[in-house]
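Residue numbers (this note's numbering): 99 to 494.
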Ligand SMILES: [Zn+2]
């Protein structure tokens, strides 16, 4: 559980958020992690004035984000009324991943109540229809709940440059840069909005995960951080100076497509030898095929083999970790973040992989090595990031 963080307020005050939003975020998060909780305890743990806490609590109650629940028990004096998140409301989280697409229903705090994989048809033209159908079924199965919106984390980047009429990042219609997806993913937002009537917020998975680290309070919000999402491809999301750094055209953070080997393998982006061709899950599986001279199992199974001390599996993960560490030297040099947070299956073997990645970063004496850690919630990080997209947009 995060401790009270006054500096969180100071840091974000200097950002694009106004103090009222920061305090709402802080109080909501304290209720989320401590519920049931009294107003007096909120004032104590947040460090805010009791009058400020009361004002925000009244707002959150009026907007039905939270509800007043049972009376607390104290040895003497007036019994405080406890506050809880409104359990009648929820968020739909859609995680689109080149290997699998997952849909979940969560409460307002990002707690996953139901989750299912969506089987995507082979025909690219039928994919969006299948996703919409799964969402409609999920909504029908949870008709006792009202939904605040649908968050979508995407394995690609919105090309805001080519989309100048639509600069609001929350409205990413096409075009989109998603080299590992073969169906018209740029249309997903408008199609889901049309079908459900619910607001949809979509963003690149690494950006969403960076926002989630701040929103759910896993990071202290004081320092710059970079999320590296390791899956079929490699994505990075940059949180700097209190905001997601998007850059000209929304393309900041495409470290995965920096060429690290001019003679390397062709990349889905059209170039060759990109960082993701040597450090992604696919690279790990390719290393296994080369080392063991037999086809690699799926990446999750490869991790299990390495855990079971299989030599070829360990060597292939070593190679992948070294490539990850070398690429992170580039991130550390360019941005000097205080932490790099890794999202993806590799985090399930973190005790093995983490030190290897870090050791490779340390081989470069000229950089200041940031602290390196896996995302909280491990493999649920991507789904939770989709919830953060909706809550950040709606609550603030
Ligand atoms: Zn590439």
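Beta carbons are placed, not taken as given, at the ideal position from N, Cα and C, and that holds for glycine. Bear in mind the structure is a predicted one, so any value in this text is a computation, not a measurement.
The DSSP-derived three-state label of residue 438 is strand. If you look at residue 205, you'll find it isn't in any alpha helix (DSSP H); it sits in the beta strand (DSSP E) that goes 199-205. When secondary structure is reduced to three states using DSSP, residue 166 falls in the strand class. Here residue 449 is not bridged, per DSSP, to any residue. Using a cutoff of 8 Å, the CB of residue 354 counts as near ligand 1, since one of the ligand's heavy atoms is closer than that. Collapsing the DSSP output to three states places residue 350 in coil. DSSP, reduced to helix, strand and coil, places residue 358 outside both helices and strands of the structure shown, so it counts as coil. If you draw a straight line from the Cα of residue 201 to the Cα of residue 219, it comes to about 16 Å. One alpha carbon belongs to residue 485, the other to residue 413, and they sit about 36 Å apart. Residue 365 has its Cβ nearer than 8 Å to a heavy atom of ligand 1. When DSSP reads this structure, residue 145 sits in no beta bridge, so it has no partner. A distance criterion of 8 Å places the beta-carbon of residue 469 beyond contact range of ligand 1, judged by its closest non-hydrogen atom.
In the three-state reduction of the DSSP assignment, residue 222 falls in the helix class. Taking C-beta atoms as the reference points, residue 197 and residue 236 fail to come closer than 9 Å. Straight across, the Cα-Cα distance linking residue 148 with residue 128 is about 14 Å.
Scanning 135, 432, 377 and 207 for the CA closest to the CA of residue 490 turns up 207. When DSSP reads this structure, residue 252 sits in a beta bridge with 302. Here DSSP, grouped into helix, strand and coil, assigns residue 185 to coil.
For residue 369, the distance from the CB to the nearest heavy atom of ligand 1 is below 8 Å. In its chain, beyond the 5 residues on either side, 394, 397 and 400 have a beta carbon closer than 7 Å to the beta carbon of residue 383. The straight-line gap separating the alpha-carbon atoms of residue 369 and residue 228 is approximately 32 Å.
Not one heavy atom of ligand 1 falls within 8 Å of the beta-carbon of residue 435.
Linking residue 238 to residue 452 through their CA atoms gives a straight-line distance of about 42 Å. In the three-state scheme derived from DSSP, where H, G and I count as helix and E and B as strand, residue 467 is classed as coil. A contact between stretches requires three or more CB pairs, one per stretch, nearer than 8 Å, and the segment 338-354 meets this requirement with the segment 299-309. Put simply, of 214, 334 and 178 the residue whose alpha carbon is nearest the alpha carbon of residue 440 is 334. Closer than 8 Å to some heavy atom of ligand 1: that does not describe the Cβ of residue 204. Relative to ligand 1, the beta carbon of residue 374 is positioned inside 8 Å of a heavy atom.
According to the DSSP assignment, residue 410 belongs to no beta strand (DSSP E) but to the alpha helix (DSSP H) extending over 409-433. Residue 483 carries a helical assignment under DSSP once its states are collapsed to helix, strand and coil. Residue 181 is not a Cβ neighbour of residue 146, given a cutoff of 9 Å. Annotated three-state conformation of residue 244 is strand, per DSSP. Here residue 313 has 486 and 490 as same chain residues with Cβ atoms under 6 Å from its own Cβ, once five neighbours each way along the sequence are excluded. Taking C-alpha positions only, residue 434 is separated from residue 454 by approximately 20 Å. Burial check for residue 409: the Cβ neighbour count within 10 Å stays below 16, so the residue is exposed. Looking at 117, 139, 154 and 150, the one whose alpha-carbon comes closest to that of residue 126 is 154.
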